[in-house]
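Student: Right, I'll just put the structure down here and ask away after.
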Amino acid sequence: MIYDTGRVCVKLTGKEAGKYCVVIDKLDNNFVLIEGEVTRKRCNISHLEPLDMVLKVSKTSDKAEILSAMNEEGLIAKKRVAVGKRAVKKNAKRTK
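According to my numbering, the sequence shown is numbered sequentially starting from 11.
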């Protein structure tokens, strides 16, 4: 599977877009548990871009272990990935 434990991904959406994360656990067909430069949370797989790297982490790894593994691979020192911005609708009239 693409989203197995240890898979390095890039967040595509939200305030953490462009940051690297690692899959900790697969929750179901659409959601995984991630950790890394982002806070540990559940994330939809459509919001992630998987990379070719797989780190040796377990489901019980804490943030310090994951960040040290990412640092050994040089992910933290890399420049963050630029993610395209979505068009935002602007309201012509605002109602109260």
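For every residue, glycine included, the Cβ atom is placed at its ideal position computed from N, Cα and C.
This one's a predicted model, so the numbers in the text were calculated from it and none came from an experiment.
Could you check what DSSP says for Asn54 in three-state terms: helix, strand or coil?
Tutor: Walking along the sequence shown from the start, residue 54 turns up at place 44. Assigned with DSSP and collapsed to three states, Asn54 falls in strand.
Student: Here's the rule I'm using: 16 or more other beta-carbon atoms within 10 Å means buried, otherwise exposed. How should Val85 be labelled?
Tutor: Taking the sequence shown and counting its residues from 1, one reaches residue 85 at position 75. It is worth fixing the name first, because residue 85 is Leu in this sequence and not Val. Counting Cβ neighbours within 10 Å, Leu85 comes out buried, since at least 16 surround it.
Student: Quick one: what's got a C-beta closer than 6 Å to Ile12's C-beta in the same chain, skipping five residues either side?
Tutor: As a position in the sequence shown, residue 12 is number 2, starting the count at 1. Excluding sequence neighbours, Ile12 sits near Pro60.
Student: Under 8 Å by Cβ, that's how I've got Leu65 and Glu83 pegged, so tell me the actual separation to the nearest angstrom.
Tutor: One-based indexing of the sequence shown puts residue 65 at position 55. One-based indexing of the sequence shown puts residue 83 at position 73. Confirmed, Cβ separation roughly 7 Å.
Student: Let's see if you can read the secondary structure: which residues bound the beta strand (DSSP E) around Lys36?
Tutor: The residue given as residue 36 occupies position 26 in the sequence shown. Segment Tyr30 to Lys36, the beta strand (DSSP E) holding Lys36.
Student: Give the secondary structure of Ile44 by DSSP, where H, G and I count as helix, E and B as strand, and everything else as coil.
Tutor: As a position in the sequence shown, residue 44 is number 34, starting the count at 1. Of the three classes helix, strand and coil, the one that applies to Ile44 here is strand, per DSSP.
Student: Can you check DSSP and say which residues form a bridge with Val18?
Tutor: Counting from 1 along the sequence shown, the entry for residue 18 is found at position 8. When DSSP reads this structure, Val18 sits in a beta bridge with Val32.
Student: Within the same chain, show all residues whose beta-carbon is closer than 8 Å to that of Asn40, passing over the 5 residues directly before and after it, in chain order.
Tutor: Numbered from its first residue, the sequence shown carries residue 40 at position 30. Excluding sequence neighbours, Asn40 sits near Asn54, Ile55 and Ser56.
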